[in-house]
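Colleague:
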Amino acid sequence: MSRNDLKSSLHALIDGIDDTAVLQAYLILLSREAKSQEDFWGNLDSNTKAAIDEGIADFDSGKHSDFFDHMKSAYGIER
Numbered sequence: 043m044s045r046n047d048l049k050s051s052l053h054a055l056i057d058g059i060d061d062t063a064v065l066q067a068y069l070i071l072l073s074r075e076a077k078s079q080e081d082f083w084g085n086l087d088s089n090t091k092a093a094i095d096e097g098i099a100d101f102d103s104g105k106h107s108d109f110f111d112h113m114k115s116a117y118g119i120e121r
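In case it helps, my numbering puts the sequence shown at residues 43 to 121.
(1) Quick check: what's the CA-CA separation for Asp-87 versus Glu-96?
(2) Please report how far the alpha carbon of Gly-85 lies from the alpha carbon of Lys-91, in whole angstroms.
(3) Return helix, strand or coil for Ile-119, following the three-state DSSP convention.
(4) Leaving out the 5 sequence neighbours to the left and right, which residues in its chain are closer than 8 Å to Trp-83 when beta-carbon positions are compared?
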């Protein structure tokens, strides 16, 4: 089922609900879901953004290592 088909089905189901409490519950649920999909980038401080950008640049340039190798060398933690 395509995304448009899913949306149409949801619209049809919602149109058929007459109970205000149920509609309010779905409004709350869908509002939370929509908000959780907002881009968090704008909420990050400049230091965090810079660190993320640095990590992406390192990865793009081929500078990356295995997580478990890092944990072992940096903290002595093995699998």
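Glycine residues also receive a C-beta, built at the ideal position from the N, C-alpha and C atoms. Predicted model only: the values in this text are computed from it and were never measured.
Modeller: With the given structure in hand:
(1) 14 Å
(2) One point to set straight first is that residue 85 is Asn, not Gly, in the sequence displayed. Cα to Cα, the separation comes out at about 10 Å.
(3) coil
(4) Lys-91
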